[in-house]
Amino acid sequence: MKISIIGAGSIIFTRKLIKDLLSYPDLRNVKISLMDIDSERLDITGKIVEELIIEAGSNTRIVKTNDLESAVEKSDFVINTVQIGGQAATEIDFDIPEKYGLKQTIADTHGVGGIFRFLRTVPFLRKLVSVVERKAPGALLINFTNPMSMCMWYIKSISDQPAIGLCHSVPHTVRQIAGYIGLDSRDINFSIAGINHMAWVLELSDGGRDLYPLLREAMENPAISAMDPVRFDIMKRFSYFVTESSEHMSEYVPFYIKNPAEIDRLNIPIREYLKRLERHAKAYEIYKDVYIKGLTYRKSEGEILYPQYFGAESSAEEATKEYAIEIIDSLVNSHTREVYAIVENRGAIENLPFTAQVEVPCIVNGNGIRPVCIGALPTQLAALNMSQIQVQQLAVKGALEGSKDCIKYALMLDPLASSILTTKEISDMTEELFQAHAVYLDEIFNLRAMKGDYSIDNKKGNS
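Sequential numbering of the sequence shown, starting at 38, is according to the numbering used here.
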């Protein structure tokens with residue numbers, strides 16, 4: 038069996054994925070192809086993976102390559118975790134909207150940042166799908182790249198290649214809820230459905246006991262509500278708890294970031310993703326010292342300063358498996374499991390569009406992946422989901438047709454942008470973003486890179 042990881046220079050993710058793979062006794066004789074265009078990152082990842090394999094006493098084999106086609110060839114599973122544009126492009130996604138008065142927290146899923154991250158990714162997705170169709174037509178394409186819903190909608194629009202999207206938000210949400218109400222997450226039964234990063238905890242129980250009263254009681258504890266202020270406010274107003282973090286949710290709806298008082302009251306971390314990138318960069322310097330320069334003593338320093346980067350996870354984190362390996366094990370070894378995945382709706386959620394990408398439970402075994410029919414979401418939750426689905430649909434349409442107008446329509450309908458900016462401001466901002474990202478978007482929209490303060494050429498970063 039061959040698994041290819043595209044974008045393997047994402048060190049934390051690849052390390053976690055391989056560690057999970059090595060913990061499954063029925064997954065043997067696996068060949069792993071690690072692919073990334075950044076040779077230094079690829080070298081570091083390869084050394085870390087080799088350490089894990091030796092530690093596990095496994096016969097798993099790895100190959101490293103910068104070539105997409107050789108990585109994908111004859112793969113059974115292709116895992117995509119590529120980010121296009123790196124820190125430089127991400128800074129642009131924050132800086133230009135802020136010039137117009139639009140603040141963001143994460144900017145990787147919905148809204149202005151999410152849409153332009155998607156558009157930068159489109160040419161690569163087109164190439165990846167083409168390569169998989171030619172070199173590994175029977176492979177399952179597993180996408181982890183954000184913005185998940187738009188990437189998956191685009192993939193399903195251009196290809197019949199088997200593909201699913203996976204995200205950490207559902208298991209992480211359940212683990213967080215367990216902490217808030219003082220239970221072990223393994224004892225909690227739940228049903229969750231919606232769209233990625235905006236799915237809803239519809240049922241929450243323990244041996245038949247409804248746990249929502251406990252969660253509402255926990256919400257009244259100031260120490261607990263302060264840990265997740267936006268999500269608890271959403272639950273208070275809309276009756277259900279949402280997946281993903283408060284910092285994510287704050288930029289998906291029109292209620293919070295437009296109001297400076299709400300930013301302060303709910304402690305909304307503006308530009309949070311850029312702060313995370315700074316931590317990534319500092320941790321990466323330690324990686325380089327350890328694995329490139331041979332300064333092994335710095336590894337213990339990394340474990341103290343950045344435990345999530347260097348394998349010193351808490352017991353709860355250690356126990357959390359990636360759905361990707363569970364799915365591979367279920368398909369290969371006919372082990373039946375329920376996992377949460379992002380799939381084409383096709384009626385799984387009755388009151389969301391048929392072709393929308395939804396996050397629902399799926400039954401996985403040797404016969405394949407089967408989404409579970411949820412029925413209809415509560416109307417208020419479906420309405421919140423639709424506020425993003427209509428934006429996603431227009432963004433994907435714009436990418437498919439090379440239509441800048443569709444991208445402008447999408448951003449004028451975005452709940453956050455439309456709550457702060459005029460239509461003219463949104464149009465002007467969008468044009469400026471097109472020019473700043475022209476080096477990535479020319480293939481779709483026939484743009485020409487314009488030199489200027491926000492030209493990607495004037496920013497430093499990797500792609």
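Every residue, glycine too, gets a C-beta built ideally from N, C-alpha and C.
Bear in mind that the values here come from a model prediction, so they are computed numbers and not experimental data.
| request: Evaluate the contact criterion for the stretch 209 to 229 versus the stretch 460 to 479: three or more CB pairs, one atom per stretch, below 8 Å. | output: At 8 Å Cβ cutoff, the stretches do not touch.
Quiz item: According to the Cβ coordinates, are E359 and D145 closer than 8 Å?
Solution: Position 322 of the sequence shown, counted from the first residue, corresponds to residue 359. Position 108 of the sequence shown, counted from the first residue, corresponds to residue 145. Taking C-beta atoms as the reference points, E359 and D145 fail to come closer than 8 Å.
If I measure Cβ to Cβ from A353 and keep anything under 7 Å in the same chain, skipping five residues before and after, which residues do I get? Within the sequence shown, the letter at position 316 stands for residue 353. Low local confidence applies: a pLDDT of 45 at A353 is under 50, so the model's placement there is unreliable, with the coordinate-based value given in what follows. Excluding residues within five positions, the ones whose Cβ falls inside 7 Å are R212.
Note to self: Tell me the rounded alpha-carbon separation between Q425 and A378.
What the structure shows: As a first step, residue 425 must be located in the sequence shown, where it is residue number 388. As a first step, residue 378 must be located in the sequence shown, where it is residue number 341. About 18 Å.
**Asked** With 16 as the cutoff for other CB atoms within 10 Å, does G244 come out buried or exposed?
**Response** Taking the sequence shown and counting its residues from 1, the one referred to as residue 244 is at position 207. Answer is exposed; the Cβ neighbour count stays below 16.
Which one or two residues does DSSP pair with L71 in a beta bridge? Stepping through the sequence shown from its first residue, residue 71 is reached at position 34. In the DSSP output, where bridge partners are listed per residue, L71 has I42 and K101.
Tell me where the alpha helix (DSSP H) around V207 begins and ends. Residue numbering aside, residue 207 sits at position 170 when the sequence shown is read from its first letter. In the DSSP assignment, V207 falls within the alpha helix (DSSP H) that extends over S206 to I218.
Inter-residue Cα distance where the pair is A436 and M466: If you number the sequence shown from 1, residue 436 lands on position 399. If you number the sequence shown from 1, residue 466 lands on position 429. Between the alpha carbons of A436 and M466 lies a gap of roughly 18 Å.
_Given I481 as reference, the closest of I307, E106, L156 and R302 once Cα atoms are compared_ = Working through the sequence shown from its first residue, we reach residue 481 at position 444. When the alpha-carbon of I481 is set against those of I307, E106, L156 and R302, the nearest one is in L156.
message = So, under 8 Å CB-CB, A230 and V395 are touching, yes? Tell me the CB distance rounded to an integer number of Å.
response = Counting from one through the sequence shown, the residue named residue 230 turns up at place 193. Counting from one through the sequence shown, the residue named residue 395 turns up at place 358. Indeed they touch by this definition, with Cβ atoms about 7 Å apart.
Spatial distance of L389 from D265 (CA atoms): As a working note, residue 389 is residue 352 in the sequence shown. As a working note, residue 265 is residue 228 in the sequence shown. About 27 Å.
Distance, Cα to Cα, D247 vs G219? The residue given as residue 247 occupies position 210 in the sequence shown. The residue given as residue 219 occupies position 182 in the sequence shown. Linking D247 to G219 through their CA atoms gives a straight-line distance of about 14 Å.
Review point. What did DSSP end up calling Q394 once you bin it into helix, strand or coil?
Key: Counted from its first residue, the sequence shown places residue 394 at position 357. Correct three-state label for Q394: strand.
*To the nearest angstrom, report how far apart K336 and L342 are at their CA atoms.*
Here residue 336 refers to the residue found at position 299 when the sequence shown is read from its first residue. Here residue 342 refers to the residue found at position 305 when the sequence shown is read from its first residue. Straight-line Cα distance between these residues: approximately 10 Å.
Which residues bound the beta strand (DSSP E) around Y137?
In the sequence shown, residue 137 corresponds to position 100, counting from 1. From DSSP, Y137 is part of no beta strand (DSSP E); its letter is neither H nor E.
Grab me the residues of F269's own chain with a C-beta within less than 6 Å of its C-beta, minus the 5 sequence neighbours each way, in chain order. Locating residue 269 in the sequence shown gives position 232, counting from the first residue. Cβ within range, chain order: M256 and S262.
> Within 10 angstroms of its Cβ, does I43 collect 16 or more other Cβ (buried), or is it exposed?
Replying inline: Within the sequence shown, the letter at position 6 stands for residue 43. The residue in question, I43, is buried, as its Cβ has 16 or more Cβ neighbours within 10 Å.
For M264, report the span of its beta strand (DSSP E) as first-last.
For the purposes of this step, residue 264 is identified with residue 227 of the sequence shown, where counting begins at 1. From DSSP, M264 is part of no beta strand (DSSP E); its letter is neither H nor E.
Quiz item: Which of the three DSSP states, helix, strand or coil, is assigned to V119?
Solution: Stepping through the sequence shown from its first residue, residue 119 is reached at position 82. In this structure, V119 counts as coil in the three-state DSSP scheme.
* **Residue range of the unbroken beta strand (DSSP E) whose run includes P408** => Indexing the sequence shown from 1 puts residue 408 at position 371. It spans G405 to P408 - the beta strand (DSSP E) in which P408 sits, taken as one unbroken run.
Taking the alpha-carbon positions, what's the K101 to I305 distance? Locating residue 101 in the sequence shown gives position 64, where the first residue counts as 1. Locating residue 305 in the sequence shown gives position 268, where the first residue counts as 1. Each residue's alpha carbon lies about 40 Å from the other.
(message) In this structure, how does DSSP classify E381 when only helix, strand and coil are distinguished?
(response) In the sequence shown, the residue the question calls residue 381 occupies position 344. Strand, per DSSP.
Check your understanding: Roughly how far, in whole angstroms, is the beta-carbon of V109 from the beta-carbon of I179, given that I think they are within contact range, below 8 Å?
Key -> By 1-based counting over the sequence shown, the position of residue 109 is 72. By 1-based counting over the sequence shown, the position of residue 179 is 142. About 13 Å separates the CB atoms of V109 and I179; that is not less than 8 Å, and the two are not in contact.
query: Around the C-beta of A356, are 16 or more other C-beta atoms found within 10 angstroms, so that it is buried, or is it exposed?
result: Numbered from 1 along the sequence shown, position 319 holds the residue referred to as residue 356. Residue placement at A356 is poorly supported in this model, since its pLDDT is 46, which falls under 50; the coordinates are not used for a value here.
So, do the stretch 86 to 98 and the stretch 126 to 136 have three or more beta carbon pairs nearer to each other than 8 Å? In the pairwise beta carbon analysis, the stretch 86 to 98 is classified as not touching the stretch 126 to 136: fewer than three pairs are separated by under 8 Å.
request  = Grab me the residues of S367's own chain with a C-beta within less than 6 Å of its C-beta, minus the 5 sequence neighbours each way, in chain order.
outcome  = For this step, residue 367 is matched to residue 330 along the sequence shown. Once the five neighbours on either side are set aside, the close Cβ partners of S367 are R374, V401 and N402.
Checklist entry - Relative to the alpha-carbon of I152, which residue among S455, A447, Y477 and L71 has its alpha-carbon at the smallest distance? => result Sequence index remark: in the sequence shown, residue 152 carries index 115 (1-based). Per the Cα distances, A447.
*Spatial neighbours of I121 within its chain, please: CB distance less than 7 Å, with the 5 preceding and 5 following residues excluded, ordered by chain position.*
Counting from 1 along the sequence shown, the entry for residue 121 is found at position 84. Exclusion of the five residues before and after I121 leaves R157, T158, F161, Y477 and S500 as the residues of its chain whose Cβ lies within less than 7 Å of its Cβ.
Closest by C-alpha distance to V290, when choosing among P408, E340, N422 and Y328: On the sequence shown, position 253 is the one that residue 290 refers to. Residue N422 holds the alpha-carbon nearest to the alpha-carbon of V290 among P408, E340, N422 and Y328.
* Measure from the alpha carbon of P452 to the alpha carbon of each residue in A126, I40, K140 and L71, then state which is nearest. => Here residue 452 is taken as the residue at index 415 of the sequence shown, counted from 1. Selected option, being the one with the closest Cα: K140.
ask   = Which residue from H147, Y191 and E77 puts its Cα closest to that of T392?
value = Counting from 1 along the sequence shown, the entry for residue 392 is found at position 355. Taking only the C-alpha atoms, the option nearest T392 is Y191.
Query raised in the report: Between the C-alpha atoms of Y310 and L470, what's the straight-line distance to the nearest angstrom?
Result: By one-based count along the sequence shown, residue 310 stands at place 273. By one-based count along the sequence shown, residue 470 stands at place 433. Across the structure, Y310 and L470 are spaced so that their CA atoms are roughly 18 Å apart.
Check your understanding: Among L418, E284, G46 and D75, which one has its Cα closest to the Cα of M272?
Key -> Position 235 of the sequence shown, counted from the first residue, corresponds to residue 272. Proximity to M272 across L418, E284, G46 and D75 peaks at L418, based on C-alpha coordinates.
Return the CA-CA distance between N483 and A93, expressed in angstroms with no decimal places. Here residue 483 corresponds to residue number 446 of the sequence shown, with the count starting at 1. Here residue 93 corresponds to residue number 56 of the sequence shown, with the count starting at 1. Going from the Cα of N483 to the Cα of A93 covers about 50 Å.
With distances taken Cα to Cα, identify the nearest neighbour of C410 among I323, E468 and V397. Residue numbering aside, residue 410 sits at position 373 when the sequence shown is read from its first letter. Minimum Cα distance to C410 is reached at V397.
### Length-filtered (3 minimum) beta strand (DSSP E) runs lying within the stretch 242 to 325
Qualifying beta strand (DSSP E) stretches: none in this window.
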